[in-house]
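Asker:
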Amino acid sequence: MAMAEARGITGTRLLLFGVRGRRFACELAAVREIVPFGLVTRLPGAPPAVAGVSNVRGLVVTVVDLGVRLADGPVDRAEGAVLLVEHAGTVLGAGVDDLRDVVVPEGGVQPASGGGAAGAAGVVCGVVTTAHGIAEVLDPAALVRETLVVAGGDQ
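Numbering (my numbering), first residue to last: 1 to 155.
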């Protein structure tokens, strides 16, 4: 979702989740499924943010640890979950610490400032204010595209 599109998502449902004590959100429609972290097999030579691959009912899915990608360390796999997001037919797993709520932002998504999460450049398209506080809005399509480039191709 580009920033121009992000401004227009007023009324769209967002999934709030936590990563290393920070609050993030993404469009609920982009989340195909939420699964337990489960077994993730590390890939030799993969970048640190790529936790590995996981078999989800026969589908091999690359899993990105959003704690490593967006914050200062890995998410809690024992307590966390994996959001399966889909873009252009590609499914990617995004590891998070916790799931918080589904909200409909009244004020829409505002442009992200330079003070966002460490390392969030390129995948955070804005911020939203909710009853739970401010959340940075992730662009799942950008996360999928970035992971495919970094990992060197399709899954």
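In this text, a Cβ means the ideal position worked out from N, Cα and C, and glycines have one as well.
Jot down the residue ranges of each uninterrupted beta strand (DSSP E) in the stretch 59–140, minimum 3 residues, whole runs only, in chain order.
Answerer: Complete beta strand (DSSP E) runs here, min 3: 59–65, 81–87, 90–96, 98–103, 124–130 and 133–138.
Asker: To the nearest angstrom, report how far apart R100 and F24 are at their CA atoms.
Answerer: Straight-line Cα distance between these residues: approximately 10 Å.
Asker: Would you check if the distance between the CB atom of G122 and the CB atom of A135 is smaller than 9 Å?
Answerer: No, these two residues do not count as a Cβ contact at 9 Å.
Asker: In angstroms, rounded to a whole number, what distance separates the CA positions of L59 and A120?
Answerer: So the two alpha carbons sit approximately 27 Å from each other.
Asker: Is it true that the stretch 101–108 meets the stretch 46–56, where meeting means three or more beta-carbon pairs spaced less than 8 Å apart?
Answerer: At 8 Å Cβ cutoff, the stretches do not touch.
Asker: Could you give the first and the last residue of the continuous beta strand (DSSP E) run that contains F17?
Answerer: L14 to V19 is the span of the beta strand (DSSP E), which, as asked, contains F17.
Asker: Give the straight-line distance between the Cα atoms of F17 and E27, rounded to the nearest whole angstrom.
Answerer: Each residue's alpha carbon lies about 11 Å from the other.
Asker: State the beta-bridge partners of T41 as determined by DSSP.
Answerer: BP columns for T41 point to V53.
Asker: From A46 to A78, what does the alpha carbon distance come to, in whole angstroms?
Answerer: Going from the Cα of A46 to the Cα of A78 covers about 22 Å.
Asker: Less than 9 Å separating the beta-carbons of L14 and V128?
Answerer: Contact flag set, yes.
Asker: In angstroms, rounded to a whole number, what distance separates the CA positions of L84 and H132?
Answerer: Each residue's alpha carbon lies about 23 Å from the other.
Asker: Around the Cβ of D154, are there at least 16 other Cβ atoms within 10 angstroms (buried) or fewer (exposed)?
Answerer: Confidence at D154 is low in this model, with a pLDDT of 45, below 50, so its placement is unreliable and the value that follows should be read with caution. Looking at its Cβ environment, which holds fewer than 16 other Cβ atoms inside 10 Å, D154 is exposed.
Asker: From the DSSP output, read off the bridge partner residues of E33.
Answerer: DSSP, once it has assigned bridges, lists L84 as partnering E33.
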